[in-house]
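Read through the structure below, which is laid out as structure tokens, and then see the notes.
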Amino acid sequence: MMELTSAAAFYERSMEILDAAGISFLVGGAYAFRAYTGIVRDTKDFDLMLRERDVPAAIEAFRRAGFRAEIVFPHWIAKAHHGEAFLDIIFNSGNGLCRVDDEWFQHGRPARVLGREARLCPPEEIIWQKAYIMERERFDGADVAHLVRCCKAELDWERLMRRFGADGRVLLAHALLVQFIYPDEPDLVPPWVIERLASQTLAQNSGRVCNGTLLSREQYLPDIERWGYADARLLRAALTEDDVRVWTAAISNANPARG
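Plus 175 on top of the position in the sequence shown (first one is 1) and you've got this note's numbering.
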């Protein structure tokens, strides 16, 4: 394994490893967010988006290069490590709804990342994933608003609405928040988008279902455990009961101070 003197060097080497293995990837996370909004964040990791079918080959490529790599949660994320620096290899979302597919790559944006040519996740797909993140300790609504504000001229609203499908009211909730956040810029979300989303028929579930688990893995557990609602992740996101159990068990590690 070559000696790397910084986290940035590890991230750059990671892209080289995937390129050499012929594995397509997109850069997401703080790097893509900065490119689209100009907002700079200190980040301790680096997000690369891969198709799920490419993840085993990516893990093997990192291991051959001398790095520790493993699947952390089988339904959506793997990691590669170098010292304290780590890389997130993302192929879905925590709720299981936002799988990285060919369309992500069709609309990826060319950019220079850490001095090399790469492609960024499309803003539409970033919004799609972030819109569902409504945890007690993390809410990505501000990121959605900033992406809409900064990418308004280029957003493909038709594709974005198609991504949400029957969950269009999640997108509507964020669209209304954008109007509230920027009251003097009513054109940030086209009026026809609001009208179409508002008129969308709510998805009909069979039985008592709580869709809240698609927004937060913790805050709607009482609905599932005490009040008899079915977990939408099992019905709609194709997560297995074991996926849900492991993802739920990790809450205490992610947020030990909750109370």
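Heads up, the beta-carbon is just placed ideally off N, CA and C, and yes, glycines get one too. Predicted model only: the values in this text are computed from it and were never measured.
When the options are compared against residue i, the one with the closest alpha-carbon
i	options	result
T218	S189, D229, R284 and Y206	Y206
I264	L272, I252, N270 and H257	I252
D277	P297, K327 and R344	P297
V230	P366, K254, F242 and E333	K254
R274	P285, R291 and W303	W303
W279	L223, D362 and F355	L223
L346	P358, A373 and Y357	A373
N270	T376, S181, L410 and G258	L410
Q281	E227, S427 and L201	L201
L363	V323, V421 and H250	V323
R284	A195, L330, V421 and Q375	L330
P197	R226, A429 and I356	Residue identity check: residue 197 is Gly in the sequence provided, not Pro. Checking every option, the nearest Cα to that of G197 belongs to R226.
W402	E393, R383, A413 and D417	R383
Through-space distance from residue j to residue i, alpha-carbon basis
i	j	result
S391	R287	34 Å
L289	M190	10 Å
M309	D220	21 Å
W332	P365	9 Å
K327	V319	11 Å
A348	F314	13 Å
F261	T423	22 Å
T415	R338	22 Å
M176	F185	Low confidence applies to M176: its pLDDT is 49, below 50, so where it sits in the model is not reliable, and the reading given next is rough at best. Whole-angstrom Cα-Cα distance: 11 Å.
V421	A293	33 Å
Own chain partners of residue i with C-beta closer than 8 Å, once the 5 adjacent residues on each side are dropped
i	result
R209	V215 and R216
I234	A244, E245, I246, A253, A255 and I264
Cβ shell of residue i (< 6 Å), same chain only, five flanking positions each side left out
i	result
D444	Within the shown structure, residues of the chain are numbered from 176 to 434, placing residue 444 beyond reach of any answer.
Y395	C385, G387 and T388
T212	H321 and C325
V368	W332
Counterpart residues of residue i in DSSP-defined beta bridges
i	result
M257	A small correction: the amino acid at residue 257 is His; Met does not occupy that position in the sequence shown. The partner list for H257 (beta bridge, DSSP) reads A260.
E245	K254
M224	L201 and I265
D406	C385
Buried versus exposed, by CB contacts within 10 Å (16 or more), residue i
i	result
N267	buried
D342	buried
R188	buried
Same chain, Cβ closer than 7 Å to residue i, five either side skipped, listed in chain order
i	result
F237	I192, A244 and A255
A350	V364, V368, I369 and L372
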